[in-house]
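A short write-up of the structure that comes next.
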Amino acid sequence: MRLDGNSTQVLFLLMKKYSIIHIIGIVALILTCIPIIYLLLQAFRPTETVLSNQLLIAYIRNTIIMILVVGFSAGFLGLTLAWIISFYDFPFRRFFKVVLALPLAIPPYIAAVSYSDFMYVNGLFPRLLGTFGITKHFDIMNIHGAIFIYSITLYPYVYIACLSFFKYTSASFVENARVLKANWVKLFSKVGVPLARLPLVAGLTLVIMELVSDFGVIDYYGVQGFSTGIYKIWHNYSDFYGAIRLSAILLCIIFAVVYIESFLRRRLRYFTTSKSKSIKLIRVKNARYLLIYFTLTLIITFIIPLIQLVYNGIYAYEKIWNIKLLQVTLNTVYYTSIASFICVGISFVIANYVKGKKGIFAKTISKLATMGYSIPGVLVGLSVMFTFFDVDKLLVPLYRFIGIKQKVLVLSTSVFVFMFAYVVRFMAVSFNNINAGYKKINPNLFRASATLKQSTSQTFWRVDFPLMLPTLLMSFLLVFLEILKELPITLMLKPYKLETLTGFVHTYTHNEQYSEASIYSLVIILLGIITVSLIMLFREKKYVKS
Amino acid sequence: MKKLLLIFSAALLLITGCAKKETADTTATEPTPTETTVSSGDQKVVLYTSRHYDTDQALFDAFKEKTGITVEVKQGDAKALLEEIEQGGEDLDADLFYTADAGKLAQAKEKGLFQTIGSDVVKSNVPEIYRDNDDMWTALTMRARIIVYSLENVDPAQLSTYEDLANEKWKGKIVTRPSSHVYNQSLVASFIEVNGLEETKEWAKGLVSNFAREPKGNDRDQVKAVAANEADIAIVNSYYIGKMITSDKPEEKEAVAKVGVFFPNQETTGTHVNVSGAGILKSSKNKENAVKLLEFLSSVEAQEQFSSANFEFPVNPNVEVKNELLKSWGEFKKQGINLSILGENNKKAQEIMDEVGWK
Numbered sequence: 030m031r032l033d034g035n036s037t038q039v040l041f042l043l044m045k046k047y048s049i050i051h052i053i054g055i056v057a058l059i060l061t062c063i064p065i066i067y068l069l070l071q072a073f074r075p076t077e078t079v080l081s082n083q084l085l086i087a088y089i090r091n092t093i094i095m096i097l098v099v100g101f102s103a104g105f106l107g108l109t110l111a112w113i114i115s116f117y118d119f120p121f122r123r124f125f126k127v128v129l130a131l132p133l134a135i136p137p138y139i140a141a142v143s144y145s146d147f148m149y150v151n152g153l154f155p156r157l158l159g160t161f162g163i164t165k166h167f168d169i170m171n172i173h174g175a176i177f178i179y180s181i182t183l184y185p186y187v188y189i190a191c192l193s194f195f196k197y198t199s200a201s202f203v204e205n206a207r208v209l210k211a212n213w214v215k216l217f218s219k220v221g222v223p224l225a226r227l228p229l230v231a232g233l234t235l236v237i238m239e240l241v242s243d244f245g246v247i248d249y250y251g252v253q254g255f256s257t258g259i260y261k262i263w264h265n266y267s268d269f270y271g272a273i274r275l276s277a278i279l280l281c282i283i284f285a286v287v288y289i290e291s292f293l294r295r296r297l298r299y300f301t302t303s304k305s306k307s308i309k310l311i312r313v314k315n316a317r318y319l320l321i322y323f324t325l326t327l328i329i330t331f332i333i334p335l336i337q338l339v340y341n342g343i344y345a346y347e348k349i350w351n352i353k354l355l356q357v358t359l360n361t362v363y364y365t366s367i368a369s370f371i372c373v374g375i376s377f378v379i380a381n382y383v384k385g386k387k388g389i390f391a392k393t394i395s396k397l398a399t400m401g402y403s404i405p406g407v408l409v410g411l412s413v414m415f416t417f418f419d420v421d422k423l424l425v426p427l428y429r430f431i432g433i434k435q436k437v438l439v440l441s442t443s444v445f446v447f448m449f450a451y452v453v454r455f456m457a458v459s460f461n462n463i464n465a466g467y468k469k470i471n472p473n474l475f476r477a478s479a480t481l482k483q484s485t486s487q488t489f490w491r492v493d494f495p496l497m498l499p500t501l502l503m504s505f506l507l508v509f510l511e512i513l514k515e516l517p518i519t520l521m522l523k524p525y526k527l528e529t530l531t532g533f534v535h536t537y538t539h540n541e542q543y544s545e546a547s548i549y550s551l552v553i554i555l556l557g558i559i560t561v562s563l564i565m566l567f568r569e570k571k572y573v574k575s
Numbered sequence: 187m188k189k190l191l192l193i194f195s196a197a198l199l200l201i202t203g204c205a206k207k208e209t210a211d212t213t214a215t216e217p218t219p220t221e222t223t224v225s226s227g228d229q230k231v232v233l234y235t236s237r238h239y240d241t242d243q244a245l246f247d248a249f250k251e252k253t254g255i256t257v258e259v260k261q262g263d264a265k266a267l268l269e270e271i272e273q274g275g276e277d278l279d280a281d282l283f284y285t286a287d288a289g290k291l292a293q294a295k296e297k298g299l300f301q302t303i304g305s306d307v308v309k310s311n312v313p314e315i316y317r318d319n320d321d322m323w324t325a326l327t328m329r330a331r332i333i334v335y336s337l338e339n340v341d342p343a344q345l346s347t348y349e350d351l352a353n354e355k356w357k358g359k360i361v362t363r364p365s366s367h368v369y370n371q372s373l374v375a376s377f378i379e380v381n382g383l384e385e386t387k388e389w390a391k392g393l394v395s396n397f398a399r400e401p402k403g404n405d406r407d408q409v410k411a412v413a414a415n416e417a418d419i420a421i422v423n424s425y426y427i428g429k430m431i432t433s434d435k436p437e438e439k440e441a442v443a444k445v446g447v448f449f450p451n452q453e454t455t456g457t458h459v460n461v462s463g464a465g466i467l468k469s470s471k472n473k474e475n476a477v478k479l480l481e482f483l484s485s486v487e488a489q490e491q492f493s494s495a496n497f498e499f500p501v502n503p504n505v506e507v508k509n510e511l512l513k514s515w516g517e518f519k520k521q522g523i524n525l526s527i528l529g530e531n532n533k534k535a536q537e538i539m540d541e542v543g544w545k
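Same order as they appear, the protein sequences are chains S and V. The opening position of the first sequence corresponds to residue 30 in the numbering used here, with each subsequent residue numbered one higher. The opening position of the second sequence corresponds to residue 187 in the numbering used here, with each subsequent residue numbered one higher.
Here you go:
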């Protein structure tokens with residue numbers, strides 16, 4: 030009895046020290062890291078293949094070039110567009126604010142295929158030129174083309190991050206600068222660029238992680254990047270662990286960069302204690318050049334790929350446009366919503382756990398948990414699957430105990446693992462967004478709650494949750510967009526019978542039937558447009574209250 | 187803000203609600219996993235495939251109609267599927283592995299993932315050269331890797347063999363897709379068998395130096411490049427030509443109308459062919475059904491479908507090709523090598539391609 034009493038007391042103390050919500054956070058964090066650690070461990074297996082140094086150097090060189098140029102151009106586009114929209118007033122401002130984020134709805138590979146079609150012989154652009162008597166076509170299937178495609182499809186990450194940041198945190202800086210009569214060049218270079226460091230880094234991290242993990246675009250364009258090396262070792266030399274090793278190296282590099290950056294940023298604080306007020310927009314007197322810049326960006330990044338897809342789709346639309354398409358669309362919305370919900374929920378409890386922690390452990394492991402975004406999706410899918418193969422083998426006695434006969438791979442073939450793989454892959458998107466949301470909230474609010482004798486769990490529901498709700502919704506939409514476009518994990522882990530939009534896009538592009546694929550791509554983009562519009566609408570509303 | 191939130195969540199609920207109902211319906215008709223293994227195990231066969239054709243699905247539907255057996259298809263990248271099969275081992279719910287390259291089939295065999303098929307029907311449907319020596323897999327369809335030439339710039343009399351493409355006269359005139367693609371790997375792998383390692387290396391070196399541009403794009407893009415006069419010659423798979431001719435897009439029809447088709451090495455070693463084929467996995471829990479599916483897919487009925495709808499050559503010699511295009515190409519001499527060699531030589535082929543700079 031006494032012992033029992035003691036242990037209850039210990040449990041009670043533990044519960045007091047580590048609230049349930051924290052324990053869930055820790056468990057979720059560790060669970061998310063396991064597949065990544067699994068992947069890192071596999072990298073130490075002996076492998077026999079060695080790619081020649083010459084090849085490796087070429088891969089690394091090309092990837093670095095792409096990172097630098099795409100980083101610069103996506104950063105430039107995202108930052109300037111967001112800056113102008115945040116602080117200046119001009120015709121169609123609200124329209125552009127929303128539509129400039131739309132390219133996020135287009136999967137890079139689809140954009141790559143559409144664009145090369147558009148520019149090549151017999152394509153729409155040369156034909157347009159032809160009406161002016163110019164016979165010229167463009168072959169963009171090379172590294173320049175790849176850089177172009179990544180820039181136009183990925184810049185919205187920077188754009189969205191900058192937009193929300195400028196709105197809520199930098200108004201006072203800009204007003205002060207205006208009072209001091211800074212001209213627009215000075216304002217942008219001396220205030221805008223330094224201020225934008227946080228959203229720039231957040232946005233560019235996603236851009237770069239997505240870039241290095243992508244294989245579709247560079248393979249189609251014949252560019253030899255780091256992921257070419259990963260695939261080559263695996264597909265051509267049949268050395269799976271060699272491929273994992275290369276990914277692990279890449280992962281370590283990205284991890285180091287992200288870690289060092291956050292270390293350098295550790296003293297910066299961005300929350301404002303005063304109620305943030307909306308800034309007065311300055312009316313641009315001669316908005317012609319501005320409008321040209323905005324319209325051109327919109328046409329190049331969004332309208333052109335869309336036109337090409339619609340054009341392709343015309344030829345197959347009778348074949349595909351039927352009730353089945355609707356069913357597949359609903360299925361996709363359904364599983365994508367659930368997966369996004371789970372992903373955001375897990376990221377939220379993890380972010381809540383990490384928030385108050387000063388120690389290195391929580392910080393390191395939470396960064397590690399976001400690394401799935403920099404690994405090719407197919408490898409994330411496989412490592413999640415293999416991790417759960419092992420878990421299943423451990424759990425066999427339990428399965429027999431609860432009456433599941435014969436079957437061993439219970440968890441690993443379940444919907445749970447299907448959903449969980451998305452969490453591992455897209456943690457960076459939801460966690461980083463939620464974490465950034467936390468940084469904007471004045472921590473005194475949590476302290477006040479503690480002073481009022483609220484437990485951590487109570488605080489979580491009464492303070493964190495309502496304050497973070499807009500951020501959570503935003504994360505939900507961002508993750509929704511990612512899962513909507515995701516292919517390898519979906520193919521690998523989805524239940525048989527679940528037919529998805531990306532599945533059909535894959536089927537038809539694999540067979541080089543682009544007309545058919547275009548229809549499914551267009552539905553993905555349409556759903557994406559709805560999602561992005563919702564994202565931007567939430568941005569419109571004023572939701573951060575401190 | 188609150189209103190917006192409300193509308194959004196209502197919409198979401200509505201959407202998920204509808205979808206949920208639908209999936210609930212489909213799951214209701216589906217047996218639960220535990221039931222599957224116990225009672226209705228003979229009603230299905232699980233097929234892991236890297237092929238993604240509508241025509242394949244049509245065949246599976248026909249199979250279900252005929253036998254009542256459902257083909258559960260899991261699509262994916264061939265390598266990813268193989269890793270899963272290997273790691274999952276005996277516990278995996280997978281009966282067949284079906285892929286579009288003999289090299290990959292040979293690799294699966296080498297890894298010990300297959301068991302013997304043991305079907306006399308398959309043996310009588312498929313000639314020996316298109317089956318594995320140990321009866322571990324069988325080919326089901328065939329495609330040839332052929333030369334496509336510009337009708338405007340090339341006199342077909344100039345064409346003879348693959349080997350000739352390394353000749354200097356073709357400098358800057360040839361296009362093909364990257365070496366990352368298995369069709370090119372298997373082409374080189376077959377040459378190692380036919381001409382030996384050193385000669386193949388020399389040939390690959392010559393071929394690469396004749397490239398009109400860095401390898402990129404897919405097979406259709408190579409045809410388009412020839413049509414656009416960017417090159418005179420492309421090495422592509424035969425069935426894409428059929429697909430382009432019957433394409434809905436006028437651009438593709440226009441492009442393919444500007445090129446001619448040539449089956450190389452007719453006087454010498456024969457045109458390189460590769461197959462799609464399947465084997466029964468060791469983990470199979472529905473072997474009988476798996477055998478039935480292979481017997482069906484190699485039958486005259488199914489083989490006709492492959493050729494008429496997907497422009498692939500049948501492997502069953504009893505099939506009369508009715509497809510006009512395939513008929514117009516006529517009979518041709520095929521590379522007579524054992525296709526398992528493609529798997530064995532794959533790595534060497536890759537090394538050669540890396541060495542000579544075939545990107």
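Here a beta-carbon is modelled for each residue, glycine too, at the ideal position from N, C-alpha and C.
Assigned exposure category for Ile247/S - 16 Cβ within 10 Å defines buried: buried
For His173/S, count neighbouring Cβ atoms within 10 angstroms of its own Cβ and tell me buried if that reaches 16, exposed if not. exposed
Please report how far the alpha carbon of Lys471/V lies from the alpha carbon of Lys436/S, in whole angstroms. 11 Å
Buried or exposed, going by whether 16 or more other CB atoms sit within 10 Å of the CB of Val286/S? exposed
Three-state class that DSSP yields for Gln301/V in the structure shown: strand
Of all the CB atoms in chain S, is at least one closer than 8 Å to the CB of Gly274/V? yes
Can you pull the chain S residues whose beta carbon is under 8 Å from the beta carbon of Glu400/V, in chain order? Asn171, Gly251
Using a cut-off of 8 Å between C-beta atoms, extract the partners of Tyr369/V located in chain S. Result: empty, since nearest Cβ-Cβ is about 13 Å, beyond 8 Å.
Let me know if Lys402/V comes out buried or exposed under the rule of 16 or more other beta-carbons within 10 Å of its beta-carbon. buried
By the 7 Å beta-carbon criterion, what residues does the region 309 to 340 of chain V contribute toward chain A? In summary, chain A is missing from the structure at hand, where the protein chains are S and V.
When you compare each of Leu498/S, Leu397/S, Ala111/S, Arg122/S to Leu224/S by their alpha carbons, which one comes out closest? Ala111/S
Out of Thr432/V, Met322/V, Glu379/V, which has the shortest C-alpha to C-alpha gap to Gly153/V? There is no way to answer for residue 153/V, as the model of chain V reaches only from 187 to 545.
Consult DSSP for Gly382/V and reduce its assignment to one of helix, strand or coil. coil
Let me see if you follow: with CB-CB separation under 8 Å, is Val437/S close to chain V or not? yes
Rounded C-alpha distance that separates Leu555/S from Ala57/S: 33 Å
Does the region 259 to 273 of chain S come close enough to the region 171 to 190 of chain S to have 3 or more Cβ pairs within less than 8 Å? no
Starting from Tyr426/V, find everything on chain S with Cβ-Cβ shorter than 8 Å and list it in chain order. Glu541
Count the C-beta pairs between the region 277 to 284 of chain S and the region 386 to 403 of chain S that are closer than 8 Å, then say yes if the count reaches three, no if not. yes
Quick check: is the beta carbon of Met521/S nearer than 8 Å to any beta carbon in chain V? yes
Residues near Ile371/S in its chain [Cβ-Cβ closer than 6 Å; skip 5 each side]: Met448
Can a CB atom of chain V be found closer than 8 Å to the CB of His51/S? no
CB contact check: Ser366/V to chain S, cutoff 8 Å: yes
What residues are listed by DSSP as bridge partners for Tyr426/V? In the DSSP output, where bridge partners are listed per residue, Tyr426/V has none listed.
Secondary structure at Lys261/S, three-state DSSP: helix, strand or coil? helix
Taking 8 Å as the threshold (C-beta atoms), are Asn341/S and Tyr543/S in contact? yes
Have a look at Leu282/V and Ile512/S and give me their C-alpha separation to the nearest angstrom. 29 Å
Contacts around Val505/V, its chain only, beta-carbon distance under 6 Å, and the 5 residues preceding and following it disregarded: Val486, Gln489, Glu490
Alpha carbon of Met456/S to alpha carbon of Glu354/V, nearest angstrom: 54 Å
Cβ contact (3+ pairs, closer than 8 Å) linking the region 136 to 146 of chain S and the region 342 to 353 of chain S: no
What do you get for Gly557/S, buried or exposed, if any count of 16 or more other CB atoms within 10 angstroms of its CB means buried? buried
Excluding sequence positions up to five away, which residues of its chain have a Cβ less than 7 Å from the Cβ of Gly100/S? Leu233, Val236, Ile237
Below 8 Å on the Cβ atoms is my guess for Val334/V versus Val447/V; work out the distance and round it to an integer in Å. 6 Å
So, does the region 410 to 430 of chain V touch the region 287 to 302 of chain V, judging by three or more C-beta pairs under 8 Å? no
Do Lys374/V and Lys290/V have their C-beta atoms within less than 8 Å of each other? The sequence shown places Val at residue 374/V, rather than the Lys named in the question. Cβ atoms of Val374/V and Lys290/V: not closer than 8 Å.
Along the chain, where does the alpha helix (DSSP H) containing Gly374/S start, and where does it finish? 352 to 384
Under the assumption that Ile538/V contacts Thr362/V (Cβ atoms under 8 Å), give the Cβ distance between them as a whole number of angstroms. Rounded, the Cβ-Cβ distance is 15 Å, inconsistent with contact.
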